[in-house]
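A.B. asks: Sharing a structure below in structure tokens format, with a few things to ask.
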Amino acid sequence: MGGLTPQELSSQRVLVVGLARSGVAAVELLLRSGASVVGTDLRSADELGVDPIDWSDRGVELRLGSQTPDLLDGIDLVVLSPGVPLESPLPRAARERNVRTIGELELAYGASSGRWLAVTGTNGKTTTTALLGELVKTVGVPVAVAGNIGLALSGEVEGVPADGFIVAEVSSFQLDTIESFSPHVGVLLNVTEDHLDRYESFDAYRRSKARVFENQSASDFAVLNFDDAGVAALEADVAATVIPVSTEREVRHGVFLRDDAIISQVGGREQKIITASEVGIPGPHNLSNALAATAAAVAVGVTPADAAHVLAGFRSLEHRLEDLGEIDGVAYVNDSKATNVDSVSCALRSFDAPIVLIAGGKDKGTDYSPLRGLLAGRVRHVVLIGEAAEKMERTFEGAVPIERVASLGEAVLAARRAAVPGDVVLLSPACASFDMFDDFEDRGRQFKDLVAALSRKERGSVAGGGK
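The sequence shown begins at 437 in our numbering and counts up one residue at a time.
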């Protein structure tokens with residue numbers, strides 16, 4: 437399998453940097469491997485919600501609130517959580533001292549026995565990963581679905597046997613810290629502008645995504661979205677067997693559309709999977725995701741009949757074009773996971789009805805101007821929140837009516853006032869959430885709670901003879 441084995445870890449003193457979900461799972465894996473563990477985070481114990489005494493009783497030394505280079509004294513290995521930038525002071529100091537530094541993904545890879553199917557891309561990763569997980573479950577072997585999708589890999593991989601599958605959503609941040617990680621199937625959906633607050637250039641970000649194929653061999657598979665020119669261009673540099681996918685043209689030995697049917701030529705045999713109109717998740721972007729998941733699944737033995745059954749029954753995930761129902765003839769949709777321009781573009785194209793858009797949050801160095809044309813043609817009104825609101829307002833001014841408010845609660849009320857029956861109120865922020873929320877999930881849950889409260893209020897008003 438490659439990577440650091442538990443036997444190798446048992447003799448090492450390991451520093452885990454960042455103690456959110458992935459960091460905690462890494463600590464647990466290291467303890468099971470017999471390693472000596474030091475955990476550090478810039479947040480306090482109260483902010484993290486951890487009990488230092490409990491951790492100490494389990495043999496973990498906690499260093500919280502600050503991070504100085506002396507933390508590296510006596511350390512054999514540093515494990516970085518995905519949220520810790522490589523250029524932050526402690527990882528930089530580790531490199532200067534030549535202390536081996538890996539990420540939680542690489543740690544989990546070394547502890548695993550199963551076959552890895554890894555999905556990455558700027559947009560669509562989570563939906564494609566979840567769908568691929570459901571597809572490969574039909575093979576009848578143990579399957580773990582984890583990674584950036586919400587479950588830390590270090591907590592899931594050890595129970596998967598050699599004939600099982602580990603279906604992993606992997607981010608560019610996770611791929612930045614790999615050494616030997618090599619999935620049997622790697623999937624690259626797309627690469628569009630994102631995270632330019634963390635990468636020096638778009639090209640650097642794209643190179644990071646392409647690392648999912650870095651250690652593959654000819655016996656592995658690389659699923660490439662040929663509708664993305666930058667992704668298609670990687671074909672010549674990939675050692676694995678390439679499986680192209682496209683919604684726009686027929687691609688040999690790949691998965692594509694022909695007369696509204698999803699066709700697979702994977703393995704040299706042409707087979708119809710399902711008609712595109714029967715796929716259970718809406719939107720042209722999700723059709724592309726479905727093709728990619730199908731390609732990866734067929735490559736590892738999923739039958740066309742089983743694939744068709746899963747594709748027809750699969751539904752959108754929470755926070756991804758999640759239908760929250762109607763209030764007084766207005767539909768409400770939670771797309772909190774849309775943290776970049778391309779995601780919002782996909783969301784806007786998924787509706788024929790006029791849209792009242794709630795957007796904004798923490799800016800990631802993004803150019804929002806590509807949205808102007810879509811807003812003018814599809815959006816009735818825009819409500820902006822968060823740190824990026826002023827920048828977004830300058831960009832969108834003149835294209836659509838704009839309103840800025842101070843909170844998500846005010847945004848829901850403003851959107852309610854602007855919408856008319858037949859409209860869609862869409863939370864699709866194009867920004868990170870960390871200026872106002874814990875993460876995109878927290879933002880999405882709060883939006884759902886606000887919509888539910890609005891629904892209760894409307895029902896009460898009707899019952900009481902009001903509006």
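All residues carry an ideal CB built from backbone N, CA and C; glycine is no exception.
Bear in mind the structure is a predicted one, so any value in this text is a computation, not a measurement.
Can you name the start and end residues of the alpha helix (DSSP H) that S752 belongs to?
C.D. replies: Premise fails: S752 is in no alpha helix (DSSP H) and is neither H nor E.
A.B. asks: With distances taken Cα to Cα, identify the nearest neighbour of A640 among G595, E684, L611.
C.D. replies: Of G595, E684, L611, the residue nearest in Cα terms is L611.
A.B. asks: Is the region 688-696 touching the region 520-533 in the sense that three or more CB pairs, one from each, lie closer than 8 angstroms?
C.D. replies: No: fewer than three Cβ pairs fall under 8 angstroms.
A.B. asks: Between which two residues does the beta strand (DSSP E) carrying G583 extend?
C.D. replies: It spans 579-583 - the beta strand (DSSP E) in which G583 sits, taken as one unbroken run.
A.B. asks: CA-CA distance, C867 and A471?
C.D. replies: Near 39 angstroms, if we compare the C-alpha coordinates of A471 and C867.
A.B. asks: Can you grab the Cα-Cα spacing for the pair S608 / F638, in whole Å?
C.D. replies: For S608 and F638, the distance between alpha carbons rounds to 12 angstroms.
A.B. asks: In terms of residue numbering, what span does the beta strand (DSSP E) encompassing F657 cover?
C.D. replies: Looking at the DSSP string, the run of the beta strand (DSSP E) that includes F657 is 657-661.
A.B. asks: Consult DSSP for L571 and reduce its assignment to one of helix, strand or coil.
C.D. replies: In this structure, L571 counts as helix in the three-state DSSP scheme.
A.B. asks: Taking 8 angstroms as the cut-off, decide whether the C-beta atoms of H721 and C782 are in contact.
C.D. replies: Yes, Cβ-Cβ distance for H721 and C782 is below 8 angstroms.
A.B. asks: Taking the DSSP output, what are the residues bridged to R499?
C.D. replies: Note: R499 sits in a beta bridge opposite T476.
A.B. asks: Answer with buried or exposed for A899, where buried requires no fewer than 16 other C-beta atoms within 10 angstroms of its C-beta.
C.D. replies: Its pLDDT being 42, under 50, A899 is placed unreliably by the model, and the measurement read from it follows with that caveat. Exposed: under 16 other Cβ atoms inside 10 Å.
A.B. asks: Run through DSSP, which three-state label would Y641 get?
C.D. replies: The answer is helix: DSSP assigns Y641 an H, G or I state.
A.B. asks: Assuming I538 and T613 make a contact with CB atoms under 8 angstroms, what is their CB distance in whole Å?
C.D. replies: Yes, they are in contact, since the Cβ atoms of I538 and T613 sit about 5 angstroms apart, within 8 angstroms.
A.B. asks: Under the assumption that T564 contacts L624 (Cβ atoms under 8 angstroms), give the Cβ distance between them as a whole number of angstroms.
C.D. replies: About 11 angstroms; that fails the 8 angstroms criterion.
A.B. asks: How close, in whole Å, do the beta carbons of R663 and S700 come, if the pair is a contact with beta carbons under 8 angstroms?
C.D. replies: Residue identity check: residue 663 is Asp in the sequence provided, not Arg. About 17 angstroms; that fails the 8 angstroms criterion.
A.B. asks: Buried or exposed: where does D482 fall if 16 or more other Cβ atoms within 10 Å of its Cβ makes it buried?
C.D. replies: By the 10 Å Cβ count, D482 comes out exposed.
A.B. asks: Report buried or exposed for Q443, applying the criterion of at least 16 other Cβ atoms within 10 angstroms of its Cβ.
C.D. replies: By the 10 Å Cβ count, Q443 comes out exposed.
A.B. asks: Do T476 and L753 have their C-beta atoms closer together than 8 angstroms?
C.D. replies: No, the Cβ-Cβ distance between T476 and L753 is not below 8 angstroms.
A.B. asks: Quick one: Cα of L381 to Cα of K645, how far?
C.D. replies: Here the chain has residues from 437 to 903 only, and residue 381 is not among them.
A.B. asks: Excluding the five sequence neighbours on either side, which residues of its own chain have a C-beta within less than 7 angstroms of the C-beta of D696, listed in chain order?
C.D. replies: Around D696: T711, A712, S713.
A.B. asks: Between the C-alpha atoms of I511 and L451, what's the straight-line distance to the nearest angstrom?
C.D. replies: Taking the straight line joining both Cα atoms gives about 7 angstroms.
A.B. asks: In whole angstroms, what is the alpha-carbon distance linking D742 and V841?
C.D. replies: Whole-angstrom Cα-Cα distance: 48 angstroms.
A.B. asks: Considering only residues of the region 718-791, which uninterrupted alpha helix (DSSP H) runs meet the minimum length of 4 residues and lie entirely inside it, listed in chain order?
C.D. replies: Fully enclosed alpha helix (DSSP H) runs of 4 or longer: 720-735, 740-749, 777-785.
A.B. asks: Just the Cα atoms here: how many angstroms apart are K903 and F787?
C.D. replies: Here the model assigns K903 a pLDDT of 35, short of 50, so the residue's position is not dependable and the matter cannot be decided.
A.B. asks: Using a Cβ-Cβ distance cut-off of 8 angstroms, determine whether D490 contacts chain B.
C.D. replies: Of the chains in the structure shown, none is chain B; there is only one protein chain.
A.B. asks: Taking C-beta to C-beta, are D656 and V621 nearer than 8 angstroms?
C.D. replies: Going by C-beta atoms, D656 is nearer than 8 angstroms to V621.
A.B. asks: Three or more beta-carbon pairs under 8 angstroms between the region 756-776 and the region 864-879, yes or no?
C.D. replies: Short answer: they touch.
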